[in-house]
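K.L.:
In the working numbering, the protein residues as written are 1129 to 1593.
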């Protein structure tokens, strides 16, 4: 038994995590934040092995480096499980160097998609003792307990050197009960959370689809037992939480399982409000109505581009017709919709981006998030861009928001891509139709109307021509 052993779940200071702010695309510390799934699930795994857990989210708690290090020193924890961000890799590396000096005997285990490609180097240089490739795996706990043999989904240091464990191929995962109570006191803010406090929920991991720009396509897909999800929902109810963001990459990727999940959700006063991600080819009128009946109020779907050749090239495997149908049935079911698009895709011209603007404005979602094409670790897009000489294989700092580090495409330079991103935001959000609808829909909810106004002003500030 390890009841006396403890782990600190840490989101380090200064980490500019890309958090999908679907309104003003602002990613600074004053932007939106949410309980990190990596920390929640790894906390559950450690708890299941009788470790005690603590949590610090330096971003949402607005803690500086020295304040965070002081907390770490006072905690005297055995293990620190820490997030590393693709858009804050330099900041995080500097923090880890100082953390290593302050807590030399503490085992440091990192998580983050940037570590999937560069994790071995971080372990070799001593920044971390181990890197998890799957934050649902028990290998991190086993390593923390001194085991060094047959550890799957882990890159880890041993006396013999650095070992890269085999990636597991299982289809099911069980993490136990995530410690939501540790994160409930933190003042998280998310644009689609109608009520606070709100939680982060995950029922599956990875994605069976093959989108070339998405890191999830490089992960093996597996699911959590539904009885475990039911226990987690009951735990949230007991904590008084009635809102969650469902971070499954694609809700109802397995339609039958999606309907079973809906059956777990309570109705009436005990019901939850929630937001989810899905694909236009996964939702129809029947599913949309069932989702809305069980509290789903916002659906986020990837549009990416209106150019058929680009959709085929990035392997989206659906059409603009599918998009129109999906957004229509969600709207008719009474749910709000958010669309994501990408500017700077290979082969696309300014005219192609403008055509996508036309399409999205006609589609008329309630919200829009404009990304830039970024070669994230482990993606087919990255391999293509490295082969074309557009980026270095060593590139680690990646920001899809376009706030920093915009990458050239084979047709457009960074300055043009950034200008088109800003133009896209201005054109969508300054439409009279959008402005009138937003005011009208929120007249009875002054708090949300004020939040929309605040974010609208930020939008204008961030997207000046």
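C-beta: ideal position from N, C-alpha, C; glycine also.
Does DSSP classify residue 1305 as helix, strand or coil?
P.N.:
coil
K.L.:
Based on the DSSP secondary-structure assignment, which residues constitute the bridge partners of residue 1322?
P.N.:
Under DSSP, residue 1322 forms no beta bridge with any residue.
K.L.:
In terms of residues, what are the limits of the alpha helix (DSSP H) holding residue 1434?
P.N.:
Per DSSP, residue 1434 belongs to no alpha helix (DSSP H) and is neither H nor E.
K.L.:
Am I right that residue 1317 and residue 1566 are in contact with their C-beta atoms under 8 Å? What's the rounded C-beta distance?
P.N.:
That belief does not hold up - the Cβ atoms of residue 1317 and residue 1566 are roughly 18 Å apart, past 8 Å.
K.L.:
Look at the alpha carbon of residue 1400 and the alpha carbon of residue 1290, and state the distance between them as a whole number of angstroms.
P.N.:
45 Å
K.L.:
Taking contact to mean 3 or more Cβ pairs, one atom from each stretch, closer than 8 Å, check whether the segment 1544 to 1562 and the segment 1468 to 1475 are in contact.
P.N.:
Verdict: yes, contact present.
K.L.:
Among residues of its own chain, excluding the 5 on either side of residue 1236, which ones have a beta-carbon nearer than 6 Å to its beta-carbon?
P.N.:
Within the same chain, and ignoring the five residues on either side of residue 1236 in sequence, the residues whose Cβ sits closer than 6 Å to its Cβ are 1208, 1256, 1257.
K.L.:
Which stretch, first to last residue, makes up the beta strand (DSSP E) that contains residue 1182?
P.N.:
Unbroken beta strand (DSSP E) run through residue 1182: 1180 to 1185.
K.L.:
What residue does the alpha helix (DSSP H) around residue 1175 start on, and which one ends it?
P.N.:
Counting along the chain, the alpha helix (DSSP H) containing residue 1175 begins and ends at 1165 to 1176.
K.L.:
Please state whether DSSP places residue 1287 in a helix, a strand or coil.
P.N.:
coil
K.L.:
Residues bridged to residue 1317 by DSSP?
P.N.:
1161
K.L.:
So is residue 1278 buried or exposed if we call it buried at 16+ other beta carbons inside 10 Å?
P.N.:
Per the 10 Å Cβ criterion, exposed.
K.L.:
Based on DSSP bridge pairs, tell me the residues matched to residue 1595.
P.N.:
Because the chain in this structure spans residues 1129 to 1593, residue 1595 falls outside the shown range and cannot be described.
K.L.:
Assess contact between the segment 1461 to 1469 and the segment 1507 to 1522, defined as three or more Cβ pairs (one per stretch) separated by less than 8 Å. Is contact present?
P.N.:
no
K.L.:
Buried or exposed for residue 1493, please, with buried defined as at least 16 other CB atoms from any protein chain shown within 10 angstroms of its CB.
P.N.:
The residue in question, residue 1493, is buried, as its Cβ has 16 or more Cβ neighbours within 10 Å.
K.L.:
Do you know how far the Cα of residue 1187 is from the Cα of residue 1446?
P.N.:
37 Å
K.L.:
Is residue 1271 helix, strand or coil by DSSP?
P.N.:
helix
K.L.:
If I follow the unbroken beta strand (DSSP E) through residue 1500, where does it start and stop?
P.N.:
Segment 1495 to 1500, the beta strand (DSSP E) holding residue 1500.
K.L.:
Helix, strand or coil: which one does DSSP assign to residue 1553?
P.N.:
helix
K.L.:
Over what stretch of residues does the beta strand (DSSP E) that includes residue 1264 continue unbroken?
P.N.:
Neither: residue 1264 is in no beta strand (DSSP E) and is coded neither H nor E.
K.L.:
Are residue 1306 and residue 1169 closer than 8 Å when you measure CB to CB?
P.N.:
yes
K.L.:
Hey, out of 1397, 1355, 1368, whose CA is closest to residue 1385's CA?
P.N.:
1355
K.L.:
If you reduce the DSSP assignment to three classes, tell me which class residue 1405 lands in.
P.N.:
strand
K.L.:
Which residue's Cα is closest to the Cα of residue 1138: 1491, 1240, 1404, 1453?
P.N.:
Out of 1491, 1240, 1404, 1453, the CA that lies nearest to the CA of residue 1138 is found in 1240.
K.L.:
Please tell me whether residue 1296 and residue 1353 are closer than 8 Å, where the distance is taken between their beta carbons.
P.N.:
In this structure, residue 1296 lies away from residue 1353, with their beta-carbon atoms at least 8 Å apart.
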